[in-house]
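For reference, the structure is listed below as structure tokens.
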Amino acid sequence: AFKAAVLIQQWYRRHVARLEMRRRCTWRIFQSIEYACEQDQIKLHNFFSYLMDQFTPSSSKERDFISRMFVSGESYKEAELEKYCDYESIEVPDSYIGPRLSFPLLPDHATALLEAFQQKQQLHARYVLNLLHETRKHLKQLPNISHVSTCYSEEVTVCGDLHGQLDDLFLIFYKNGLPSPSKSYVFNGDFVDRGKQSLEILVILFTFLLIYPKEVHLNRGNHEDHMVNLRYGFTKEVMQKYTVHGKKILRMFQNVFCWLPLATLIDQKVLIIHGGISDTTDLDMLEKIQRDKFISVLRLKKRKESSRKAEVQAINGERESGSDAAGKEAAPRLSLQPQSAQAPSTANRLEFSRWLRQTVQEQIDTCRRLVDISESEPEELTYSSMVSLKDVDEPCWTRQQEWKQILDILWSDPMPQEGCRENKVRGGGCYFGPDVTEKFLEKYSLQFLIRSHECKQEGYEFCHNRKVLTIFSASNYYEIGSNRGAYVKLGPDLIPHFVQYQANKTAHTLNMTQRQGFPVALISRVEESAFRALREQLFAHTSALISAFKAYDGDNTGRITLSNWATAVESVLRLGLPWRMLRKQLVCSTEDGMLEYKSWLDDLAREQRSQEHIQSSLLEIIYRNRSNLETIFRIIDRDHSGLISFEEFQQTWKLFSSHMNIELTDDGIDDLVRSIDFNKDGNIDFNEFLEAFRLVKQCP
Numbered sequence: 001a002f003k004a005a006v007l008i009q010q011w012y013r014r015h016v017a018r019l020e021m022r023r024r025c026t027w028r029i030f031q032s033i034e035y036a037c038e039q040d041q042i043k044l045h046n047f048f049s050y051l052m053d054q055f056t057p058s059s060s061k062e063r064d065f066i067s068r069m070f071v072s073g074e075s076y077k078e079a080e081l082e083k084y085c086d087y088e089s090i091e092v093p094d095s096y097i098g099p100r101l102s103f104p105l106l107p108d109h110a111t112a113l114l115e116a117f118q119q120k121q122q123l124h125a126r127y128v129l130n131l132l133h134e135t136r137k138h139l140k141q142l143p144n145i146s147h148v149s150t151c152y153s154e155e156v157t158v159c160g161d162l163h164g165q166l167d168d169l170f171l172i173f174y175k176n177g178l179p180s181p182s183k184s185y186v187f188n189g190d191f192v193d194r195g196k197q198s199l200e201i202l203v204i205l206f207t208f209l210l211i212y213p214k215e216v217h218l219n220r221g222n223h224e225d226h227m228v229n230l231r232y233g234f235t236k237e238v239m240q241k242y243t244v245h246g247k248k249i250l251r252m253f254q255n256v257f258c259w260l261p262l263a264t265l266i267d268q269k270v271l272i273i274h275g276g277i278s279d280t281t282d283l284d285m286l287e288k289i290q291r292d293k294f295i296s297v298l299r300l301k302k303r304k305e306s307s308r309k310a311e312v313q314a315i316n317g318e319r320e321s322g323s324d325a326a327g328k329e330a331a332p333r334l335s336l337q338p339q340s341a342q343a344p345s346t347a348n349r350l351e352f353s354r355w356l357r358q359t360v361q362e363q364i365d366t367c368r369r370l371v372d373i374s375e376s377e378p379e380e381l382t383y384s385s386m387v388s389l390k391d392v393d394e395p396c397w398t399r400q401q402e403w404k405q406i407l408d409i410l411w412s413d414p415m416p417q418e419g420c421r422e423n424k425v426r427g428g429g430c431y432f433g434p435d436v437t438e439k440f441l442e443k444y445s446l447q448f449l450i451r452s453h454e455c456k457q458e459g460y461e462f463c464h465n466r467k468v469l470t471i472f473s474a475s476n477y478y479e480i481g482s483n484r485g486a487y488v489k490l491g492p493d494l495i496p497h498f499v500q501y502q503a504n505k506t507a508h509t510l511n512m513t514q515r516q517g518f519p520v521a522l523i524s525r526v527e528e529s530a531f532r533a534l535r536e537q538l539f540a541h542t543s544a545l546i547s548a549f550k551a552y553d554g555d556n557t558g559r560i561t562l563s564n565w566a567t568a569v570e571s572v573l574r575l576g577l578p579w580r581m582l583r584k585q586l587v588c589s590t591e592d593g594m595l596e597y598k599s600w601l602d603d604l605a606r607e608q609r610s611q612e613h614i615q616s617s618l619l620e621i622i623y624r625n626r627s628n629l630e631t632i633f634r635i636i637d638r639d640h641s642g643l644i645s646f647e648e649f650q651q652t653w654k655l656f657s658s659h660m661n662i663e664l665t666d667d668g669i670d671d672l673v674r675s676i677d678f679n680k681d682g683n684i685d686f687n688e689f690l691e692a693f694r695l696v697k698q699c700p
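Using the UniProt record's numbering, you'd call the opening residue of the sequence shown number 1 and step up by one each time.
Given below as structure tokens:
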């Protein structure tokens, strides 16, 4: 009996170990594909940014188009934005049966919204714009780092990423209670994208923010960025739900996002930021940055940076020279005398007058830049501008330094190794080690950090000797049953207490083994979903894989070893996966350890063609580039109408042709755009865009 018990125990332990190994592989597949997609987004954005920096507009129309390409929302002054998004001009019909808002908001309004959204009702566009208008006014008065105290409430609840999953927010409120004077909440960014109800989540959170401004705190995440929204769904969601006023609503959301605070500090001891830190993170700088300047953190304006840097150096150099001992060479001082050009003769009074006006305007613009005042800034003082004016004697930072501070706290991830290095997996931010965390906490007298940004299977995870806590509140993020959501509660003792959950009703019907992602006899739905996504990635890179396989097939036999297969696949996909461990799920077993790679790729193609009735060579291209193509389409479609006008296409083609050194006349571009407009309605929709791409790929 004792021997039998030992054998059963050994068998059970081996079985659990194998299942745990498969679970971890499944998790790595999901995360690797997710981060590779983020890399593609940043690479695509950098490509367009490079084009814009290199392109020289030949007319005012081209200049206006290029300025709108990536700086949506920045071109609007305060008065223009309010006029453009004038909610008072929108009438609510008598037939409207949804919730109605009146300001100032009351708790009953929040309750009505929750009930309406549970019944799949939609808030009228007038109320959405009015809510965004009031939210923006409130956010502009907030500091970059919010301060929360547990003295005024029994505890503070911190929630991580929600990503448009409204059921998770409902479950949090059901378990933990609604925000109130005695129940404070901190929502740590990434409210939008991926899920289908991002807009409803924002409406609810903004409503509670206005009702309980001292108890509800919102941090900005890396997805509160209109360039990220183009790829991951929020832009599309808004335009589908509000076809008439969607453009105005999107414009207001873009502006509200840039006013969201960057961090929250609890009792001066626990710092909450969305992503992480780096070895250069400076809370003093973060407190004084004019955060609204960074509508999109993905793009840093490079054209003005050199001049801005020179001005900052001039300012700091001037201050340093004042404090230097006599005899040291003074730094160049910024002169307010006209230096742009030699003054023309006063005999030509018209020419002299023009020159004088030009030099005066240049000096005014210079002074504005020195104190960070632009014509597009609002007239009233905001918290950030008051801090800037109060601390004019402090050293000035370049736009590059300010941008990197925000990029790091929104995009960074912790790593177990020491040091700090570039985050090449995501394509933005950095990886920071336990030594970086320790120095940061010691410098600012903090106990620990709370961050989000990464999906965790249990909804939360400690690292760096329990000094960094990751909290993630979107359950079933990759697939039903893939992960739990969680939130954390902090009392006056600042000891974290966790609550875990799974919001999807289907998840509750799974048994315990399935919930944890462990297959018993057949592959679980979670693992099956992961391998399906992985096979799509393999198929999307068929051509590159064939080339990589042939490099190991010197005799052109059409066969390679399984070891070489694993090496070649990683060299092409670069997902960092344990391919030798995964090959049993991807490759049929062979007796001699050799793989006929052409037949293996044919099997992948047949699997994908069963879902899409398109020739395999074209389907490979579309699988690999569809997300990029859709993002490019939405970038060109500046009014988010779902259609590209002839003018938008023409200007974008000029952008591409200038980069590729292709000479094409305006008549040639007109012929090109008309050939793509297959239904001759004067616009190009996404299907026509893909169809044109298909025709180009078929050309010899």
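Every residue gets a Cβ at the ideal spot worked out from N, C-alpha and C, and that includes glycine.
Determine the DSSP secondary structure at Q121, reduced to helix, strand or coil. Here residue 121 refers to the residue found at position 121 when the sequence shown is read from its first residue. Coil.
Cα-Cα separation, C85 to Q165: In the sequence shown, counting from the first residue as 1, residue 85 sits at position 85. In the sequence shown, counting from the first residue as 1, residue 165 sits at position 165. So the alpha carbons of these two residues sit roughly 27 Å apart.
May I have the straight-line CA-CA distance separating Q500 from K83, to the nearest angstrom? Counting from 1 along the sequence shown, the entry for residue 500 is found at position 500. Counting from 1 along the sequence shown, the entry for residue 83 is found at position 83. Those two C-alpha atoms are separated by around 45 Å.
What ranges does the alpha helix (DSSP H) occupy inside the UniProt domain "EF-hand" (540-575), keeping only unbroken runs of at least 4 residues that lie completely in it? Taking only runs of at least 4 residues, the alpha helix (DSSP H) segments lying wholly in the UniProt domain "EF-hand" (540-575) are 542-552 and 562-573.
For P700, which residues of its own chain have a beta-carbon under 6 Å away from its beta-carbon, when the five flanking residues on both sides are left out? If you number the sequence shown from 1, residue 700 lands on position 700. With a pLDDT of 41 at P700, under the threshold of 50, the modelled position of that residue is not reliable, and the figure given next carries that caveat. Beyond the five residues adjoining it in sequence on each side, P700 comes within less than 6 Å, by CB distance, of no other residue in the same chain.
So what does DSSP say about M227, is it helix, strand or coil? For the purposes of this step, residue 227 is taken as residue 227 along the sequence shown, with counting starting at 1. Under the three-state reduction of DSSP, M227 is assigned to helix.
Thinking just about the alpha-carbon of each residue, which of L271, I409 and R291 is nearest to the one in Q254? Along the sequence shown, one-based indexing puts residue 254 at 254. Out of L271, I409 and R291, R291 has the C-alpha closest to the C-alpha of Q254.
Closest by C-alpha distance to N476, when choosing among G459, K489, C25 and G491: Within the sequence shown, residue 476 is the residue found at index 476, counting from 1. When each option's Cα is compared against that of N476, the closest is G459.
Give the C-beta separation of L604 and R535 to the nearest angstrom, bearing in mind that I take them to be a contact with Cβ-Cβ under 8 Å. Here residue 604 is taken as the residue at index 604 of the sequence shown, counted from 1. Here residue 535 is taken as the residue at index 535 of the sequence shown, counted from 1. With a Cβ gap of about 6 Å, L604 and R535 count as contacting.
Smallest Cα separation from S184: which of D193, D670 and H147? Against the sequence shown, residue 184 aligns to sequence position 184. Checking every option, the nearest Cα to that of S184 belongs to H147.
Identify whether A486 lies in helix, strand or coil by the three-state DSSP scheme. For the purposes of this step, residue 486 is taken as the residue at position 486 of the sequence shown. Strand, per DSSP.
To the nearest angstrom, report how far apart R231 and D408 are at their CA atoms. Numbered from 1 along the sequence shown, position 231 holds the residue referred to as residue 231. Numbered from 1 along the sequence shown, position 408 holds the residue referred to as residue 408. C-alpha separation (whole angstroms): 21 Å.
Taking S529 as the reference, give the member of C430, L575, D284 and W27 with the closest Cα. Taking the first residue of the sequence shown as position 1, residue 529 is located at position 529. The residue with the shortest Cα to Cα distance from S529 is W27.
Starting from Y431 and walking both ways along the beta strand (DSSP E), at which residues does that stretch end? The sequence position of residue 431 within the sequence shown is 431, counting from 1. Per DSSP, the continuous beta strand (DSSP E) segment holding Y431 begins and ends at C430 to F432.
What is the C-beta distance between N144 and F103, in whole angstroms, given that I count them as a contact (C-beta under 8 Å)? For the purposes of this step, residue 144 is identified with residue 144 of the sequence shown, where counting begins at 1. For the purposes of this step, residue 103 is identified with residue 103 of the sequence shown, where counting begins at 1. About 26 Å separates the two Cβ atoms, so there is no contact after all.
Can you give me the Cβ contacts of K196 inside the same chain, cut-off strictly under 7 Å, excluding the 5 residues immediately before and after it? In the sequence shown, counting from the first residue as 1, residue 196 sits at position 196. G164 and E237.
Pairwise C-alpha distance: V256 and K248: One-based indexing of the sequence shown puts residue 248 at position 248. One-based indexing of the sequence shown puts residue 256 at position 256. Going from the Cα of K248 to the Cα of V256 covers about 12 Å.
Coil, strand or helix - E422 by DSSP: Against the sequence shown, residue 422 aligns to sequence position 422. It is a strand residue.
How would you label S179, buried or exposed, when you count the other beta carbons within 10 angstroms and need 16 or more for buried? Here the question's residue 179 lines up with position 179 in the sequence shown. Here residue 179 is Pro; the residue named in the question, Ser, does not match the sequence. The C-beta of P179 has 16 or more other C-beta atoms within 10 Å across all chains shown, which makes the residue buried.
Expressed to the nearest angstrom, what Euclidean distance is found between the alpha-carbon atoms of W403 and F294? Mapped onto the sequence shown, residue 403 falls at position 403. Mapped onto the sequence shown, residue 294 falls at position 294. W403 and F294: Cα-Cα distance of roughly 7 Å.
Limits of the unbroken alpha helix (DSSP H) element including D167: Start at 1 with the first residue of the sequence shown, and residue 167 comes out as number 167. Residues L166 to N176.
R18 classed as buried or exposed, judged by whether at least 16 other C-beta atoms fall within 10 angstroms: Locating residue 18 in the sequence shown gives position 18, where the first residue counts as 1. In the assembly as shown, R18 is an exposed residue. Its beta-carbon has fewer than 16 other beta-carbons within 10 Å.
Hey, would you say L601 sits closer than 8 Å to T542, going by beta carbons? Taking the sequence shown and counting its residues from 1, one reaches residue 601 at position 601. Taking the sequence shown and counting its residues from 1, one reaches residue 542 at position 542. It is a contact, given that the beta carbons lie within the stated cut-off.
Considering N683, what are the terminal residues of the beta strand (DSSP E) in which it resides? As a working note, residue 683 is residue 683 in the sequence shown. Looking at the DSSP string, the run of the beta strand (DSSP E) that includes N683 is N683 to D685.
Report back the beta-carbon spacing between Y478 and F191 to the nearest angstrom; my notes put them in contact at under 8 Å. For the purposes of this step, residue 478 is taken as residue 478 along the sequence shown, with counting starting at 1. For the purposes of this step, residue 191 is taken as residue 191 along the sequence shown, with counting starting at 1. In fact, because the Cβ distance is near 19 Å, the residues do not count as touching under 8 Å.
Over the uninterrupted alpha helix (DSSP H) stretch that includes M285, give me the two end residues. Here residue 285 refers to the residue found at position 285 when the sequence shown is read from its first residue. Residues L283 to K288.
Shortest alpha-carbon distance to C151 belongs to which of L490, E647, L562 and H497? Locating residue 151 in the sequence shown gives position 151, counting from the first residue. Comparing Cα-Cα distances from C151 to each of L490, E647, L562 and H497, the minimum goes to L490.
Quick check on this structure: which residue in Q537, D225 and P213 has the alpha carbon closest to the alpha carbon of L106? Here residue 106 is taken as the residue at index 106 of the sequence shown, counted from 1. Taking only the C-alpha atoms, the option nearest L106 is P213.
Within the stretch 442-483, ranges of the beta strand (DSSP E) (whole runs, at least 3 residues): Within the stretch 442-483, the runs of beta strand (DSSP E) that reach at least 3 residues and sit entirely inside it are, in chain order, 448-451, 460-463 and 468-471.
Determine contact between the stretch 465-476 and the stretch 116-135, defined as no fewer than three beta-carbon pairs at a distance below 8 Å. No, because fewer than three Cβ pairs between the stretch 465-476 and the stretch 116-135 fall closer than 8 Å, the two stretches do not touch.
If you follow the alpha helix (DSSP H) that I266 is in, where does it begin and where does it stop? Position 266 of the sequence shown, counted from the first residue, corresponds to residue 266. For I266, there is no enclosing alpha helix (DSSP H); the enclosing beta strand (DSSP E) covers residues A263 to I266.
Cut-off 8 Å between Cβ atoms - residues of its own chain near L162, not counting five sequence neighbours on either side: In the sequence shown, the residue the question calls residue 162 occupies position 162. Only D168, L169, F187, D190, F191, G195, I201, S473 and A474 meet the Cβ criterion.
Spatial neighbours of E20 within its chain, please: C-beta separation below 7 Å, excluding the five flanking residues on both sides. Taking the sequence shown and counting its residues from 1, the one referred to as residue 20 is at position 20. Nothing meets the Cβ criterion.
To which residues does DSSP link H497 through a beta bridge? For this step, residue 497 is matched to residue 497 along the sequence shown. As DSSP reads the structure, H497 sits in a beta bridge with K489.
Of the residues K120, H124, D108 and T111, the one placed nearest K96, counting alpha carbons only: Residue mapping note: residue 96 aligns to position 96 of the sequence shown, counting from 1. Looking at the sequence provided, one finds Tyr at residue 96 rather than Lys. Minimum Cα distance to Y96 is reached at H124.
Considering only their Cβ atoms, is the gap separating V297 from L410 smaller than 8 Å? For the purposes of this step, residue 410 is taken as residue 410 along the sequence shown, with counting starting at 1. For the purposes of this step, residue 297 is taken as residue 297 along the sequence shown, with counting starting at 1. Cβ atoms of L410 and V297: closer than 8 Å.
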